[in-house]
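One structure is given here, and the rest of the page talks about it.
Here it is, written out as structure tokens:
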């Protein structure tokens, strides 16, 4: 088994990640001596491009998050690319479930009151949930939702069956699937095709008491159209861990609507994620040394 020479960049590398490299059988070296690059920043694409241009010997790049959109212009076919795809699925799915329950049961409304108020809410138990996206977050959320006895529909690019899901449909059938749901959950990659996938038409197809939950990317949703739908009471509400713009400005109307819940992109916090990313890096370093397929491969052509 060959030793893997890894560089951790940019500056400010975490000792946890260096330890993961060593535990995977690798060795931390200067980037000019490295076979592999563990990129520890969620941004800095221009800096990454410079590093790659200066170091054509690099054969594998590991990116930290599942979403690779900041690096799309840097991706190439000259080396292997992997990301955090699937690493953070369980904590993000847990957060999505919390947002669903908070919205449907009116927890946000009650939590901001200063006095006793009237009843509000509906059950998730026995309801209908539509999940957009068929990746690791969706699969994790399906497992969490099964005890609630919900009817699950998944909308995905390739509508192959999924365990525990009653119906899997293609993107062209999304409005019909959305129209039947008590909760619509966004857990898909951001691409040109999914940018603003929840637009005015999609919002008008939702039921008046349905909730939208977004734990994917803010740009999946037309924010102005969503604010209008919430203000006019055309949907039950929206629970958003991601927004467009992000961070959401202090004066934005979403902060002030009873039927909106906003959390500051904390479905997976750094404290939660670092341990999970370390495990992924350790495993991938070991696999790279053995010449095996790596976890979390990036499809360079599709951009995720």
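In the numbering used here, the protein residues as written are -14 to 289. Where a beta carbon is used, it is the ideal one built from N, C-alpha and C, also for glycine.
The three-state secondary structure of residue 198, taken from DSSP, is strand. Exclusion of the five residues before and after residue 87 leaves 93, 224 and 246 as the residues of its chain whose Cβ lies within less than 8 Å of its Cβ. Here DSSP, grouped into helix, strand and coil, assigns residue 66 to strand. The region 183 to 194 and the region 134 to 147 do not touch, with fewer than three beta-carbon pairs separated by less than 8 Å. Residue 216: member of the alpha helix (DSSP H) spanning 208 to 216, first to last residue.
Residue 251 sits in coil when the DSSP states are folded into three classes, being neither helix nor strand. For residue -10, the uninterrupted beta strand (DSSP E) segment begins and ends at -11 to -6. Counting along the chain, the unbroken beta strand (DSSP E) around residue 138 starts and ends at 136 to 140. When C-beta atoms of the region 67 to 81 are compared with those of the region 178 to 186, fewer than three pairs fall below 8 Å, so the two segments do not count as touching.
Ranking 99, 49 and 141 by CA distance to the CA of residue 179 puts 141 first. Nearest Cα to residue 248 within the set 280, 43 and 198: 198.
Distance from the Cα of residue 112 is smallest, within the candidate group 196, 237 and 233, for 196. By the Cβ-count criterion, residue 80 is buried, with 16 or more other Cβ atoms from all chains shown falling within 10 Å of its own Cβ.
Note that the C-beta distance between residue 45 and residue 60 is not below 8 Å. For residue 46, the beta-bridge partners assigned by DSSP are 22 and 66. Contact check for residue 25 against residue 2 passes: the beta carbons are separated by less than 8 Å.
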